[in-house]
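Residue numbers (our numbering): 18 to 371.
Every residue, glycine too, gets a C-beta built ideally from N, C-alpha and C.
Heads up, the thing below is written out as structure tokens.
Structure representation (structure tokens):
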């Protein structure tokens with residue numbers, strides 16, 4: 018049995034390089050990575066491998082039993098322990114480094130493939146409105162930014178004009194039609210402008226509006242830093258629900274996504290309007306109840322004031338009468354006392370009659 022165990026542990030010792038990079042190179046108890054010396058440490062013949070720290074903790078503070086087979090550990094000597102040599106440690110490190118490099122290269126290749134596929138993808142921007150059919154007199158970003166045009170929907174971040182196209186095939190500049198990419202700070206303002214511009218006519222021309230799409234920056238797709246500080250293309254992955262290929266856009270998938278955004282905006286508007294009306298009704302009811310209670314309080318205070326005036330007048334009269342009676346009693350009492358005193362003084366010595 019000892020020979021077979023030693024042979025088994027020797028075979029495990031030869032497989033340390035492979036195990037060094039496996040998920041099993043962590044201690045199942047403390048979940049910490051096994052040190053180089055722990056890779057060849059087996060405290061129990063059942064081959065349940067743990068780190069030396071947990072083994073010592075089980076012996077000192079636990080029951081001293083193997084967590085797997087429940088046999089008692091040998092506190093004097095583990096079943097198998099042979100520290101790795103310097104050459105084996107270097108071999109493990111080289112293997113891990115090679116695997117890490119291969120993993121990074123694979124990840125880089127995958128990213129490049131994914132980025133190349135993004136070259137044909139367009140992402141719908143929630144805050145970008147594309148309008149076509151603008152006359153030549155409005156082909157000015159500053160004019161369109163004003164409160165008379167796009168500025169009335171919200172704060173505008175940027176306006177970019179497209180190349181003019183001639184209406185009706187004529188060469189006159191007065192018949193030229195322009196397009197504009199209007200970027201708002203808020204997506205709600207863009208949806209509001211989209212709804213208002215759908216049925217708008219300027220100079221007998223019906224405007225067409227939709228949410229604009231943006232492609233990925235070529236520098237980003239190549240893995241380089243974009244040199245343009247004001248580049249309007251995407252430099253990070255966009256919303257997958259708003260991303261569409263050219264085939265999907267030809268099938269109108271982006272229009273369906275746009276309509277869902279519009280319906281969501283309208284639903285939110287209805288909810289906010291209903292909440293606002295409820296608040297106004299509650300405030301009006303509270304104001305009405307406050308006015309009625311204040312009127313009732315004023316009436317009650319007015320009635321109480323009249324009764325108080327009457328009672329105060331009667332109390333004044335009663336107090337005057339009581340004061341007069343008290344004064345009279347005091348005067349009468351004092352005179353009577355004086356007479357009685359005189360009579361008592363004169364009683365022992367009567368005056369003789371002449």
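CA-CA distance, residue 217 to residue 183, rounds to 20 Å. Counting the other CB atoms within 10 Å of its CB gives residue 66 a total of 16 or more, which places it among the buried residues. The three-state secondary structure of residue 53, taken from DSSP, is coil. Where residue 76 is concerned, the enclosing alpha helix (DSSP H) starts and stops at 69-78.
Contact annotation: residue 201 and residue 162 have beta-carbon atoms that are not nearer than 8 Å. For residue 175, the closest C-alpha among the options 147, 181 and 74 is that of 147.
Look at residue 260 here: in three-state DSSP terms it is strand. With at least 16 other beta carbons inside 10 angstroms of its own, residue 55 counts as buried.
One Cα belongs to residue 287, the other to residue 212, and the distance between them is close to 15 Å. Counted as a single uninterrupted DSSP element, the beta strand (DSSP E) harbouring residue 145 occupies residues 138-151. For residue 73 and residue 236, the gap between their C-alpha atoms comes out near 56 Å. If you look at residue 178, you'll find it in the beta strand (DSSP E) that goes 173-178. Residue state for residue 183 is assigned as strand, using DSSP reduced to three classes. Exclusion of the five residues before and after residue 251 leaves 140, 231, 232, 233, 234 and 237 as the residues of its chain whose Cβ lies within less than 8 Å of its Cβ. Spanning the alpha carbons of residue 53 and residue 239 requires a straight line of approximately 41 Å.
Put simply, the backbone Cα of residue 80 is about 22 Å away from that of residue 49. Pairing residue 210 with residue 285, the inter-Cα distance amounts to about 16 Å. Residue 117 counts as exposed, since fewer than 16 other beta carbons sit within 10 angstroms of its beta carbon. Apart from sequence neighbours up to five positions away, the residues of its chain that approach residue 229 with a beta-carbon distance below 7 Å are 142, 145, 146, 147 and 198, ordered along the chain.
In this structure, the CA atom of residue 257 is about 10 Å from the CA atom of residue 138. In this structure, residue 68 lies near residue 51, with their beta-carbon atoms less than 8 Å apart. Using a 10 angstroms sphere on the CB of residue 283, the tally of other CB atoms stays under 16, which defines it as exposed. If you check the CB distance, residue 90 and residue 47 do not come in under 8 Å.
Note: residue 43 is bridge-paired with 50 in the DSSP secondary-structure output. By the beta-carbon neighbour count (other beta carbons within 10 angstroms, threshold 16), residue 275 is buried. Cα atoms of residue 220 and residue 302: separation of roughly 49 Å, rounded to the nearest angstrom. Annotation: residue 202 is outside any beta strand (DSSP E) and is labelled neither H nor E by DSSP. Secondary structure at residue 162: helix, using DSSP grouped into helix, strand and coil. The residues 90 and 92, in chain order, have a CB closer than 8 Å to that of residue 76 in the same chain once the five nearest residues on each side in sequence are set aside.
A distance below 8 Å between beta-carbons, with the five flanking residues on each side excluded, links residue 244 to the following residues of its chain, in chain order: 236. The beta-carbon separation of residue 150 and residue 254, rounded to 33 Å, does not stay under the 8 Å limit for a contact.
For residue 268, the secondary structure class from DSSP, reduced to helix, strand or coil, is coil. In terms of CA proximity to residue 227, 279 leads the group 177, 293, 279 and 169.
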